[in-house]
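In what follows, a single structure is set out as structure tokens and then discussed.
Numbering (UniProt numbering), first residue to last: 1 to 221.
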């Protein structure tokens, strides 16, 4: 009898510890996004990835939203047809309109105004803050790039980051569109291996070398 009580106590303790860890991670996720963290990560972005972020910001603005969410980033990726993420998604028949429809089903009706002008989009500083999930996706995209041994963050890494977080709106929208996360991940990595020629966005200012330790410190604060 004592043995069963001991086992039950251990199971209860493990469940309590797991719940505590889950809440701790959620708390860390919901922290206010760090501008330092975003700035350091953007210095690693390729030109196509930065363009996708600009398109995400425009998508956020036209809907009158106060922060960039993961579905905005996904739309930004899809509106840049030359990037790896867009090619993978379009190869399985997913477009920006599909993503928007599924996002609406999940979170409710949103306005849909004039289309974004993709041509001659100016690469500039981010003016709209990132929501907690979107910031988490950026963290995950950095981790995906690091695991692949890449010193840059491209559109493929951004998509991999979304696929790593099943709870984000972008991943849910993709799943509702019939996308298979595992197959997409395999295809993104394959295409990045074949097209590993993205270049980091050149800056007019002095280069600021950012190492992994600096990025990790910015994430933890």
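In this text, a Cβ means the ideal position worked out from N, Cα and C, and glycines have one as well.
Quiz item: Tell me, which residues are paired with residue 60 by DSSP?
Solution: Within the chain shown, numbered from 1, the residue matching residue 60 stands at position 60. Partner(s): none; residue 60 has no beta bridge.
Quiz prompt | Alpha-carbon spacing of residue 90 relative to residue 14, whole angstroms | solution = As a working mapping, residue 90 is identified with position 90 in the chain shown. As a working mapping, residue 14 is identified with position 14 in the chain shown. One C-alpha to the other measures close to 43 Å.
Quiz item: In whole angstroms, what is the alpha-carbon distance linking residue 164 and residue 152?
Solution: Sequence index remark: in the chain shown, residue 164 carries index 164 (1-based). Sequence index remark: in the chain shown, residue 152 carries index 152 (1-based). Taken atom to atom, the span from the alpha-carbon of residue 164 to that of residue 152 is near 18 Å.
Quiz item: Can you tell me where the alpha helix (DSSP H) with residue 155 in it begins and where it stops?
Solution: As a position in the chain shown, residue 155 is number 155, starting the count at 1. 155-164 is the extent of the alpha helix (DSSP H) around residue 155.
Self-check item: 9 Å Cβ cutoff met for residue 106 and residue 76
Solution: The residue given as residue 106 occupies position 106 in the chain shown. The residue given as residue 76 occupies position 76 in the chain shown. Not a contact, by the Cβ cut-off of 9 Å.
Self-check item: Three-state secondary structure (DSSP) of residue 68
Solution: Within the chain shown, the letter at position 68 stands for residue 68. Secondary structure of residue 68 (DSSP, three-state): strand.
Quiz item: Between residue 72 and the rest of its own chain, which residues show a CB-CB distance below 6 Å, the 5 nearest in sequence each way excluded?
Solution: On the chain shown, position 72 is the one that residue 72 refers to. Within its own chain, the residues whose Cβ lies closer than 6 Å to the Cβ of residue 72, once the five positions on either side in sequence are excluded, are 56, 59, 60, listed in chain order.
Quiz item: Does the beta-carbon distance from residue 84 to residue 184 come in below 9 Å?
Solution: Numbered from 1 along the chain shown, position 84 holds the residue referred to as residue 84. Numbered from 1 along the chain shown, position 184 holds the residue referred to as residue 184. The Cβ atoms of residue 84 and residue 184 do not sit closer than 9 Å to each other.
Quiz item: When DSSP builds the beta bridges, which residues end up paired with residue 186?
Solution: For the purposes of this step, residue 186 is taken as the residue at position 186 of the chain shown. Assignment of beta-bridge partners to residue 186 by DSSP yields no partner.
Practice problem: Round the Cβ separation of residue 155 and residue 93 to the nearest angstrom and send it over; I've been treating them as touching at under 8 Å. | Solution: Counting from 1 along the chain shown, the entry for residue 155 is found at position 155. Counting from 1 along the chain shown, the entry for residue 93 is found at position 93. The C-beta separation of residue 155 from residue 93 comes to about 18 Å, leaving the pair out of contact by the 8 Å criterion.
Quiz prompt | Per DSSP, cross-strand counterpart(s) of residue 37 | solution = Along the chain shown, one-based indexing puts residue 37 at 37. As far as DSSP is concerned, residue 37 takes part in no beta bridge.
Self-check item: Anticipated Cβ contact below 8 Å, residue 134 with residue 46, distance rounded
Solution: As a first step, residue 134 must be located in the chain shown, where it is residue number 134. As a first step, residue 46 must be located in the chain shown, where it is residue number 46. About 18 Å separates the two Cβ atoms, so there is no contact after all.
Exercise. Would you kindly work out how many angstroms separate the C-alpha atoms of residue 140 and residue 130, rounded to a whole number?
Key: One-based indexing of the chain shown puts residue 140 at position 140. One-based indexing of the chain shown puts residue 130 at position 130. Going by the C-alpha atoms only, they are around 14 Å apart.
Exercise. Quick one: using the 10 Å Cβ neighbour count with 16 as the cut-off for buried, is residue 49 buried or exposed?
Key: Taking the first residue of the chain shown as position 1, residue 49 is located at position 49. Per the 10 Å Cβ criterion, buried.
Practice problem: Look at residue 138 and residue 37 and say whether their C-beta atoms are less than 9 Å apart. | Solution: Here the question's residue 138 lines up with position 138 in the chain shown. Here the question's residue 37 lines up with position 37 in the chain shown. Yes.
Exercise. Give every residue of the same chain whose Cβ lies closer than 7 Å to the Cβ of residue 179, excluding the five residues on either side of it in the sequence, and list them in chain order.
Key: If you number the chain shown from 1, residue 179 lands on position 179. Cβ within range, chain order: 92, 94.
Quiz item: Got a sec, what are the start and stop residues for the alpha helix (DSSP H) residue 142 sits in?
Solution: As a first step, residue 142 must be located in the chain shown, where it is residue number 142. Run containing residue 142: 132-147, per the alpha helix (DSSP H) assignment.
Quiz prompt | Cβ-based burial, residue 171 [other Cβ within 10 Å; buried from 16] | solution = Start at 1 with the first residue of the chain shown, and residue 171 comes out as number 171. Buried, by the Cβ-count rule.
Self-check item: Among 144, 42, 39, 82, the one whose alpha carbon lies nearest that of residue 162
Solution: For the purposes of this step, residue 162 is taken as the residue at position 162 of the chain shown. Checked all of 144, 42, 39, 82; the closest Cα to residue 162 is 144.
Quiz item: Buried or exposed: which applies to residue 86, given that a residue is buried once 16 or more other Cβ atoms fall within 10 Å of its Cβ?
Solution: One-based indexing of the chain shown puts residue 86 at position 86. Residue 86 is buried by the Cβ-count criterion.
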